[in-house]
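In the numbering used here, the protein residues as written are 518 to 1240.
Heads up, the beta-carbon is just placed ideally off N, CA and C, and yes, glycines get one too.
The structure appears right after this line, and notes come after that.
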C-alpha cells in the first residue's frame, strides 16, 4: 500500500435503526382476537413499552423467551404502520415529515431486536435458536417492505433532489445522503421483476446466514476434545487441568478432561501441550469443523457466496466486494488487494525465517518431522522462551483479570477522558458472570450503562465484540447502554483468573469499541456511535490497545496477584521485546484469511457453486500465501466475519484500521501521551461524531493530515524508529 491511504470515501450506511422486520398482525393473534386479550398480552410482555430502568436498560428479570415472538410481531406491525403513514402522507415530502419521521419510527422493534440478538450471541439456547430461525424470513421481508416501498422512496428521492436548497445542517445533510444511498443500494430503483428477485435472494440469504451462525454454536459444542488421562495434559498448569476437569464433568464426562475449541484455526492451548498426538487432535478438531455430518456447512458457504454475487449483479455491480466497498475508505476491491499483496513478499519471507527457527528447535528436541500446523505454536513458544527467556505462566502471574480491568483499562479511560466506572449491582444482568456499571463523565454527569461479559461459557459464540442494548440519540433523548463480550477461560471457583497479555490487550480493544458507543454525541440514531464503515470502526478499538503497554498504565495494574509486587522491569522488557516475535505467522494467517474473504466475494454472478476445499487451496496459491504450516486464521466453514455476513468482503478492515490506529497513537505520544488534553481532542474529533461526517474528514480534523504506514510497520516490529 502507498504511504498515504487511498481514499476519503463516505462512511458505509447501515440498515435502518429499527428496520429489520415485517407483518401487520402478530402471528399468534387471530383476526377476531378481542381488544381485552391484546391488552393482557401487552401488560404481560415487557417489550410492549420502554423499560423502566435507567436509560431504558433491559430489565432481564422480566424477560422470558416466550415474550420474544409476540414482541417482534407487534413491533413489526407498529413499525410498518408508522412507515405506511410516512409513505402515504398527503403533505409534500419534507426532511422532517419523511427522514426524521423514519428516524423516530420502530422504537419497539428496536428494543426487542437489540435484546434478542445480543442474548442470542451471549446466552443462546435451543428455544432462542428456534425463534431466530422463525424470525429470519420475516425480518428480511420487513426490511424489503420498507426499502422497496415505491411511495416511500419517491418521497426520499424528492427531498434528495432538492437537497441543495434545503439549508440543512451538516449532520442532517449527511443523514439524507445515507438514507438515499441506503434505498438505492437496497434496490429501490430496480424494476418490479428485479425487486421480486432480490426479495427472494434476501430471504434465502437471511435464512442461510442464520443457519450458518447457529451451526457454529452447535459445532463448537460438538468438537470439544475429551481427554481420558491426565498424563496427556502434560504441560498445562494445575489450574488449567482443574478447569478442564470441571468442564468435562459439566458436559457429562465425569473423570475425564474437556478441551474447548475457540473460534480460530489456531488454538492457544497448543503452546503448552507436550503430547504431539493430542496437539494434532485439538488442531484438527478446529481446522476441519463444519465439514461432515448434519452440521456440514460447506453447501451454505458456497450458496451464500453465489447469492451475494447475484444480488450485486442485480444492483449493477460486478461482484459483492465491489458493492460492499463502495462506501468505505478502501473504495474498491483492487485497493484492498493492492494493500494485501504489497505485504506478501516481506511477510512470507519473515514467516519462512520463523519456520526455519522452529524446524531447528524441533531438530534440537530430537524430532525428525517437518513442522505441522499443530506444532507451530508449541515450538514457537520454545523458540520465544529461548530467545527472550520468557515463561508465559510466569507472565500471567502479573495479569490478574480484575486488576487488569479496573486498574488498567478503567484507569486509562479515566486518565484520558476523565470518566469513571461505578459498579451497579442493583441492575439486573442476563447471566451471573455479567457485571453492570454506570459510567460518569469528567464533570460528574451520568453518561451510560456498561455491561462487562468477559468469560467463556456454553451458549456464547466465540470471539470478542461490543454491542448496544440502547443507542445514543439526541433526537430520541436516549443515552447508550453498551456491552463488551469476550471468551476468557474462567478460573475454577475460588481461584484468581490469570490472563495472557494478548487477552489483556483485547480487553483494552473492546472497551475502545465501548467508548465509541458511549461517547457518541449526535442527533440521529442512524449516525450514532459505531455506525461507521467497517474499515474505520476497528480504528478506535485498536487505538486503545497500545495503552496496555504504556509505562504509567502498566505500573498501575501489572502486579503479582498474590504479593502485589509490580512486574519486574526485566520481565516487562522481555514481554515488550517478544511482542514482535512470530509476527510473520500472525500477519500471514491474517492476510491469508483476508484473501480468502476477497476471493469468495469477487466471484461473478455466473460462477458455479464452489467446492470449498478446492476453492480455498486455489485462492491461497493465487496470492502465494499457501504455506502448509500456516493456514488462514479462519477457514471458510467457520469464518463468521466473512461467511456470517457482518464483514463479508471486509475482513481486510482490521489491517486498514490498524494503519489509522498506529498513526493516531504515535501522534498522541508526540503530543505528551496519556493526558486529558489528548483524550479530549481524540474524543471530540473521532469518538463523538459517529457517522455524522465522512471518516477521513474526522481523521484529518483529529490528526491534521491523512495517516501513513510508518507507525504500523514500527508497531509490528517490521521497522525501527530510526529507519
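Asked, Found
"First through last residue of the alpha helix (DSSP H) which encompasses residue 865", "850-881"
"Straight-line gap, residue 925 to residue 1069 (C-alpha atoms, nearest Å)", "10 Å"
"Pairwise C-alpha distance: residue 1029 and residue 930", "9 Å"
"CA-to-CA distance, residue 1177 to residue 1227, given in whole angstroms", "11 Å"
"Stretch-stretch touch, CB-based, cutoff 8 Å, three pairs: the region 1151-1161 with the region 725-740", "yes"
"Residue 603 (DSSP reduced to helix, strand or coil)", "helix"
"Alpha-carbon to alpha-carbon, residue 592 and residue 602", "15 Å"
"Where residue 538 falls: helix, strand or coil (DSSP)", "Confidence at residue 538 is low in this model, with a pLDDT of 27, below 50, so its placement is unreliable and the value that follows should be read with caution. Three-state DSSP puts residue 538 in coil, outside helix and strand."
"Beta-ladder partner(s) of residue 966, from DSSP", "955 and 998"
"Beta-carbon separation (whole angstroms), residue 1205 vs residue 1038, contact threshold 8 Å", "4 Å"
"Straight-line gap, residue 1225 to residue 1096 (C-alpha atoms, nearest Å)", "22 Å"
"At least three beta-carbon pairs within less than 8 Å, the region 806-821 to the region 906-916", "no"
"One or two residues paired with residue 1040 in a DSSP bridge", "DSSP, once it has assigned bridges, lists no residue as partnering residue 1040."
"Segment contact flag, the region 989-1008 with the region 894-906, C-beta cutoff 8 Å, min 3 pairs", "no"
"Cβ-heavy atom distance, residue 935 to the ligand MG, below 7 Å", "Of ligands this structure carries none, so the ligand MG is not represented either."
"Cα-Cα separation between residue 734 and residue 637, rounded to whole angstroms", "10 Å"
"Inter-residue spacing [alpha-carbon to alpha-carbon] between residue 829 and residue 1119", "10 Å"
"Candidates 970, 963 and 960: closest to residue 953 by CA position", "970"
"Straight-line Cα distance separating residue 596 from residue 1114", "35 Å"
"For residue 875 and residue 985, the rounded distance between their alpha carbons", "43 Å"
"Residues that residue 514 bridges to, as DSSP identifies them", "Residue 514 lies beyond the range of the chain shown here (518 to 1240); nothing can be said about it."
"Three-state secondary structure (DSSP) of residue 928", "helix"
"Alpha-carbon spacing of residue 1023 relative to residue 1063, whole angstroms", "10 Å"
"Sub-8 Å separation of residue 917 and residue 1071 beta-carbons", "no"
"Spatial distance of residue 1081 from residue 618 (CA atoms)", "56 Å"
"Euclidean distance between Cα positions of residue 662 and residue 894", "50 Å"
"Nearest to residue 1295 (by Cα), restricted to the options 693, 780 and 640", "The displayed coordinates of the chain run from 518 to 1240. Any statement about residue 1295 would go beyond what the structure contains."
"C-alpha distance - residue 790 paired with residue 944, whole-angstrom precision", "41 Å"
"C-beta atoms of residue 1042 and residue 990 nearer than 8 Å", "yes"
"Per-residue burial, residue 1076 [other beta carbons within 10 Å of its own, 16 or more giving buried]", "buried"
"Buried/exposed call for residue 938, threshold 16 Cβ in 10 Å", "buried"
"Own chain residues within Cβ distance below 6 Å of residue 544, not counting five before or after", "In this prediction, residue 544 scores a pLDDT of 31, lower than 50, which makes its location untrustworthy; the coordinate-derived value is nonetheless stated afterwards. Correct list, in chain order: 590."
"Neighbour-count burial assignment, residue 882, 16 or more Cβ in a 10 Å radius", "exposed"
"Residue 612 and residue 664 closer than 8 Å at C-beta", "no"
"First and last residue of the uninterrupted alpha helix (DSSP H) at residue 1068", "1068-1074"
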